[in-house]
Structures are given as C-alpha cells and as structure tokens.
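The sequence shown begins at 3 in the numbering used here and counts up by one. We treat Cβ as the ideally placed atom computed from N, Cα and C, and that holds for glycine.
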Amino acid sequence: MKNKNIFLKIYIVFVIILAISIIVLYVLGKKERIGYLSDFEINVDKTLEINGLDLEETKKLFIIEDKLDETSINNFLFTNISITNYSYNFRIKYYNKVFRNSDIYGVYPNINQILENNNYIKKIEMNENGGPFGNLISSKVIDAEKIDNITYILKLKPMLLTYSIFIIFLTIYIKIRNIFNFKKIFHTDRDVIITIILIGFILFLFHFWLGFPGYFYNPDNIVILKQSILKDYSNWHPVIIAVILNLLYKIFGQHTFYLTLINLICLYSGLSLIIIALYLKYKNPQVLLLFCIAFISDMFFTTLTQLKDITCSMFIWLSISLIFFMILVPIKNIILNIIIRLIILVSLLLALLWRHNAIVTIYPIILFLIFLLVCKFNLKSKLKNVFLFISISFIAAILMVFIVKINPYIWIKSNDGYYYKDINYDDLYSKYGYVIDYEIWMDINDRFARNAPNNIFAMQIAACAAANNDDSLIPSDWYEKGKDFEDLKKLYNSTSLFGDVFVFSHFPQRIFKPGYLENINKVWIKYILKYPKSYISHILKFANSVILSKNVWIIGSYHTYYIPKNLEELNFKNYNIEPNSVKISIYNFLHTFSIRLYNLFNIFISILIFFTSLFLIIKLRSFNKLLMYSFFVSFSSFATIIIVIIFTSLNDSRFLFPIVVMNFSLLVSFISYIYDIGLIKKYFI
3 MKNKNIFLKI
13 YIVFVIILAI
23 SIIVLYVLGK
33 KERIGYLSDF
43 EINVDKTLEI
53 NGLDLEETKK
63 LFIIEDKLDE
73 TSINNFLFTN
83 ISITNYSYNF
93 RIKYYNKVFR
103 NSDIYGVYPN
113 INQILENNNY
123 IKKIEMNENG
133 GPFGNLISSK
143 VIDAEKIDNI
153 TYILKLKPML
163 LTYSIFIIFL
173 TIYIKIRNIF
183 NFKKIFHTDR
193 DVIITIILIG
203 FILFLFHFWL
213 GFPGYFYNPD
223 NIVILKQSIL
233 KDYSNWHPVI
243 IAVILNLLYK
253 IFGQHTFYLT
263 LINLICLYSG
273 LSLIIIALYL
283 KYKNPQVLLL
293 FCIAFISDMF
303 FTTLTQLKDI
313 TCSMFIWLSI
323 SLIFFMILVP
333 IKNIILNIII
343 RLIILVSLLL
353 ALLWRHNAIV
363 TIYPIILFLI
373 FLLVCKFNLK
383 SKLKNVFLFI
393 SISFIAAILM
403 VFIVKINPYI
413 WIKSNDGYYY
423 KDINYDDLYS
433 KYGYVIDYEI
443 WMDINDRFAR
453 NAPNNIFAMQ
463 IAACAAANND
473 DSLIPSDWYE
483 KGKDFEDLKK
493 LYNSTSLFGD
503 VFVFSHFPQR
513 IFKPGYLENI
523 NKVWIKYILK
533 YPKSYISHIL
543 KFANSVILSK
553 NVWIIGSYHT
563 YYIPKNLEEL
573 NFKNYNIEPN
583 SVKISIYNFL
593 HTFSIRLYNL
603 FNIFISILIF
613 FTSLFLIIKL
623 RSFNKLLMYS
633 FFVSFSSFAT
643 IIIVIIFTSL
653 NDSRFLFPIV
663 VMNFSLLVSF
673 ISYIYDIGLI
683 KKYFI
C-alpha cells in the first residue's frame, strides 16, 4: 500500500510538471521570432505549368541520353523572355538555435508580411502544417541566397498535445477511481451488458454517419463495383467480393456503401464482444473504456475505406473477437454455441477468399480452433492428442488450399483467354494507346488473373539480374518494343521497391509486356537459386522500408462525396450529399488529434507477444487458453509480416492492416493472461 501511494505521488508530480512544461512551451512558441528563407530551388514542373507551357513536350527538348539535362532547362527558364513567373521550393531557417521546427514545434511564418515586404512574391505556401518547407511564385529570378527578416511563430504539434492530455486524464482517472463508484450506476450485469451494446450501437451509427458512404474511389474498388453489377467476374481482385456485392444489390438495391457498412459492423460487433467478455470475467465496468480503441486513427479512418485488405482484416477481427468471447464466457446453450461457431467459420471463410494471400493469416487462427477441439476430446495419451492435432491441421490446410483454388471456377464460367497468350500488342496499343487505363486493362485481361503476381516476380527478377548484370534467364520476348536489359537495370536502380512499374499497363516506363509472360514463375525461382545473396539483399531492403514506413492508409481530410460517371451510368445510387460543416469539423478534429500507430510499433508488438508467449508456453509448460490464443494470433500476425515482406510488390500499409486489428486483441488477451496469473496484482496493484 505504501509503494502504491509513493507511485501515485510521483506520478501526480510528473503530470504537474508535464502540464506546466506544455503551458511554458506554448507561451514561448507564440512569441514572434526572426528567420529567413533559403535553399531556393527552381521547381521546373510548376514553372512550366504556371507559364502555360506544355510540360512533357518542353522537357523532351532537354533530354540527353534518356536523362533530363537540368542545367540546360534551368538556363532556358531563366533566359526565356516569355517566362514571367518562377516557382521556387524553399526552406525556412532560423537565427535562434532552440526555437525552431522540431518534434515538439511546428513553424508558421507570417505569410502576409512576406508578401507585403517582397512585392515580387505573388504567392507563398508551406508544404504541410508546421513543416519548414514551402513553395513560392516569384515575378523575377531569385539570385539571393536568402530572403531575410521573416517573422514566424511556433505551435505545439497536435500529437504532443494528444499524448499529454491522455496522460493527464489517465492520472485524474487513477486519482478518482476509488471515489467514483461504478456500482452506483450499474446495479446488475445485465445493466452493464445493455450499456455496452448501446454504446457500441451508438458509436457504430456515429461512425457510419460521419463517413457515409465510405471511400470507394480507389481504382481497385471502381473495378470491383463495375464487375459486381455487370457480373463480368474476374479473379484479379478476389471474385468473391463482386459476387457478395451482386447478391446485396439484388436484395437491397445498388448502393456504394456496403463494404463500409460491413467494416463497421465487424468493428463494433467485435469490440463489443471483447468488452462484454472482459466484464463478465472480471466484473469491472471500467472495461467500457476499451471503446476508445475505435477512435485510434488506424481503426477509425481506415475502416471507412473499401479496399479488400481492410474488409478482409475486419472479418478476421470479428472471428478472433468471437473466439476470445468463447474463451472467457462459457456458453451452455447448445444453439447459441452452434451459431457462434458458424459465424466464426463463415467470417474466416470470407476473409480467406477476400484477399489472395489471406490463407497465411487465417491458417494459424484455424490451428487455434483445432487446439480447442483437441482439448475438448482430451484423449488420455499426450501422443494421441499431438497426432490428432497434426492430422486435423494437415486436413485443414489441404481443405483451405482446395477452397481457394476452386472458388474462381465456381463463379467464372468462361475459360476464354485463360492465359491470354496470343494477345496482339500492336493492335492493342493502336486501339487504346501505349499507356492503357487500369480499368480498361481489367476489362481485357484474362479472367482468371494468372498475370496478377507478375509485378512481384518482375521486381524480384530485376533485383537479382540487375545486381549481377545477368539477363541470361530473361526471355527476349518479354520486353516491350524498344526496351532492353539496360532499361531494366535503370528502372530497378531508380524504383527498386515498386513492382507495379515493371509490368503493369498503366505505367509508361514499364519494361515488360503487361500480359502473359511465359514461365515467369520458373524464371523467378531460377534467379533466386542462382543469386540467393542478391535476393536476400532485396528482401532485407524491402523489409527495412516496410518496418520504418510511416505510410498509413488514412484519408487525410473529409472527402467530399461524388459518384463517378462510370458508376452513375451503371445506375448506382447518387446520394447528392452536400458538404456539411459539422461533419467536416468533426472529421478533421478526430483526424488531427487521434493517436496513429505506425508499422514499427505494430510489428514490434506482434513479434514481442509471439516470442514471449512461446517462451511462457515452453517455460511454464502451460496450455492456458488465453496464452495459447495470444500465441496463435501473434503467430498469425508474424506470418502476415513475413508474407508481406517477401511477396508484395510495394510498401503499402494496407497489406499490414491485419496485424493492426489483431494487435488490439493480442494486447487484451495477453494482459488478461498476465492478470490471471497474478503478475499485474503483484507489481502494479
């Protein structure tokens, strides 16, 4: 008790110091200081654009040996009398070594004063809120090294305020928890459960209202929506998505919000189930605070997008939430037991078919269900239990592969152009142009999408071939007309971590033909076997970019609704939603102040719990269900990380979204296990 009081006093003193520090930093930042603009660099593209010159045609005049001669084009801009406006990138610099842009402060120059004091500057913009970089438009060439006497102020960055406020409120909560008695509000378990369901439902309605009808403007989504209404199914994007949407159209009509609705139903159903389970086990109404998870940026904003990776992840979230509920809450009603198990299996099946490589994520979760089944049989011999587990696991693996392979054949009846081997590229380019629009390519590409992984194969082939200056395994008929191995090396060296650019039709710089490339998977394997060090080097480079990436799939600001013309022509409902100032304000407020999790944090948590739970299983020889749940779900996250690193074509956070949703469940389950075995009570309570 004495230790608790000491800890609380230290914590309160810390928060007081933190609050005072924030106030002092805020006041000091508001004081105007003097800096200067420097590092001026002519922005060629913007300068050509604002002077009404054709960007591509002008730049072609200054290309020497496939490279833009920057010196020549700059001389052209500075000496051409027809050019009257110049666009410059710049950076604001400071005379004060302390009060400047940093992790704490964002810098805000006095734009109006700059324009008044420098009448040749027509327009000036900072690139991002609080960043030191910007762009200006000048009516004359800027020869000076700096523009002096720039007044600026500093503002505390929103994330610093968010974390500080969170810590302060947490302290206040700890202080008053013994004063505020939840029992005065909740008289029975039923009251708490009803409250949880109501809160979940209200948050669901709010979330759906704010983001309606969701973000469906990604080209992948547009293609899927078109295929779903025309029943022109392809498995480039998993065919099950279009099939499910077509079924929903028949029942409820043609709407664009269905995938967002599915995401949010899964989110709040799963979260409510976890909270109910925790309450019923620990009888602590404070678990309602877990609803805050829904307002973390990675959950709140990402679930409004309709990308297949997101919906697949939400099906996984629903299934593991139900499994967690089953572990904590013994269900005696046979019918309810059957219903829950059916929902789990259907959710996992949909997740399996919703994303091409989802089998890697789903299988460890299936293994945990098999573990629960073996525990139920509880055979006397440990050897028999192990044999039963391995046998069922093997059968499940074969069944999952069979389901994934057979599914396209159920819905896609025609085998026409199965490989699209005989495509005439000259005719194709004369009809559509060399750069073929993504949606058009989806319409003409083979229906079973055997070409879909070509971007991954091509990138990794290029990694091995370019590093060793060896194109001996690459068939010459793969190359586009006028392209050769030298072009492949240049492209890889400039865009080594973006596979789509090597082969897809909508990239003009592509090296290989966008259709069928014979035996590309065999060539890929041969290169890996021939140059394993180069392959590993590429994978490590890709892994580093994935782990350190701060790229998140979040729509940055409130997106004004509109219906694309090609969808309107297919009779999708136009909701005629006008911009709403209330919605925009709420959305932008949440976007600015909500906590954001990046890949490094998510990957660290997954791997930490994976190895910690594995260690505890071995060390304690414990098969506690919560511990095993933590192990298998973290195993699922770990497997997802590996498959994303070794078999994706670009560093995109949406591919890792499954580990985001699984991490929330992992943290809850692992902390619950630690609490159950008494470690939290021993050291923290």
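For a quick check, are the C-beta atoms of residue i and residue j less than 8 Å apart?
| i | j | result |
| --- | --- | --- |
| L273 | G202 | yes |
| Y589 | L330 | no |
| V194 | Y110 | no |
| Y90 | F42 | yes |
| Y88 | V143 | yes |
| D473 | F487 | yes |
| N573 | Q256 | yes |
| L269 | M301 | yes |
| I367 | F634 | yes |
| I276 | W356 | no |
| I636 | L668 | Residue identity check: residue 636 is Ser in the sequence provided, not Ile. In contact: S636 and L668 (Cβ atoms closer than 8 Å). |
| S547 | N457 | no |
| F649 | S608 | no |
| E34 | I155 | yes |
| E520 | P455 | no |
| S271 | F659 | no |
| L628 | Y675 | yes |
| S141 | T86 | yes |
| S655 | G501 | no |
| I372 | F396 | no |
| I620 | T642 | no |
| F504 | A464 | yes |
| I295 | I597 | no |
| P215 | T153 | no |
Using CA atoms only, rank isn't needed, just tell me which of the options is closest to residue i.
| i | options | result |
| --- | --- | --- |
| D150 | K95, S395 and K285 | K95 |
| I224 | I673, S671, N470 and N568 | N568 |
| F657 | T304, I246 and S671 | T304 |
| L138 | G132, I113 and K157 | I113 |
| M664 | N521, E580, S323 and I644 | S323 |
| Y427 | V29, Y518 and I246 | Y518 |
| F64 | Y107, K485, N77 and I361 | N77 |
| K483 | H508, K515, P534 and A467 | K515 |
| L354 | V403, I392, K334 and K386 | V403 |
| K485 | Q462, M461, D502 and I513 | I513 |
| V364 | F259, V388 and F317 | The sequence as given places Ile at residue 364; Val does not occur at that position. Taking only the C-alpha atoms, the option nearest I364 is F317. |
| L499 | W480, N523, G132 and A545 | A545 |
| K148 | F92, I83, D429 and D191 | F92 |
| Y537 | V289, M461, Y481 and T562 | M461 |
| R102 | N119, D56 and L27 | L27 |
| S349 | T594, S321, L385 and I196 | S321 |
| A360 | F389, V406 and F327 | V406 |
| K125 | I152, I116 and L618 | I116 |
Going by DSSP, name the residue or residues bridged to residue i.
| i | result |
| --- | --- |
| E127 | N137 |
| N91 | E43 and N137 |
| Y1 | This structure does not reach residue 1, given that the chain is present from 3 up to 687, and the question cannot be answered. |
| K69 | I66 |
Which residue comes first and which comes last in the beta strand (DSSP E) that contains residue i?
| i | result |
| --- | --- |
| S40 | R35 to I44 |
| I149 | I149 to L158 |
| V109 | Y107 to P111 |
Quick check on the DSSP output: the alpha helix (DSSP H) that includes residue i runs from which residue to which?
| i | result |
| --- | --- |
| K62 | L57 to K62 |
| N77 | E72 to T81 |
| Y270 | Y260 to Y284 |
| A353 | I336 to W356 |
| N98 | First-last for N98: undefined, no H or E at that position. |
| A465 | N456 to N470 |
| F1 | For residue 1 there is no data in the structure shown, the boundaries of the chain being 3 and 687. |
| E570 | K567 to E570 |
| I364 | I361 to F379 |
| W526 | I522 to K532 |
| K515 | No alpha helix (DSSP H) holds K515; DSSP gives it neither H nor E. |
| H593 | S583 to F595 |
| L493 | F487 to S496 |
| F637 | K627 to I648 |
| F606 | N601 to L622 |
Is there at least one Cβ from chain B nearer than 8 Å to residue i's Cβ?
| i | result |
| --- | --- |
| A360 | No chain B is present in this structure, which holds just one protein chain. |
Just to confirm, does residue i get its C-beta within under 7 Å of one of the non-hydrogen atoms of the ligand ADP?
| i | result |
| --- | --- |
| I123 | With respect to the ligand ADP, the structure shown offers nothing to examine, as it has no ligands at all. |
task: Flag this pair as touching only if the stretch 336-347 and the stretch 610-618 have three or more C-beta atom pairs under 8 Å; answer yes or no.
output: Contact between the stretch 336-347 and the stretch 610-618 is absent: fewer than 3 CB-CB pairs across the two stretches fall below 8 Å.
query: Just checking, does the stretch 257-266 make contact with the stretch 307-319 on the three C-beta pairs under 8 Å criterion?
result: Yes, since at least three Cβ pairs between the stretch 257-266 and the stretch 307-319 fall closer than 8 Å, the two stretches touch.
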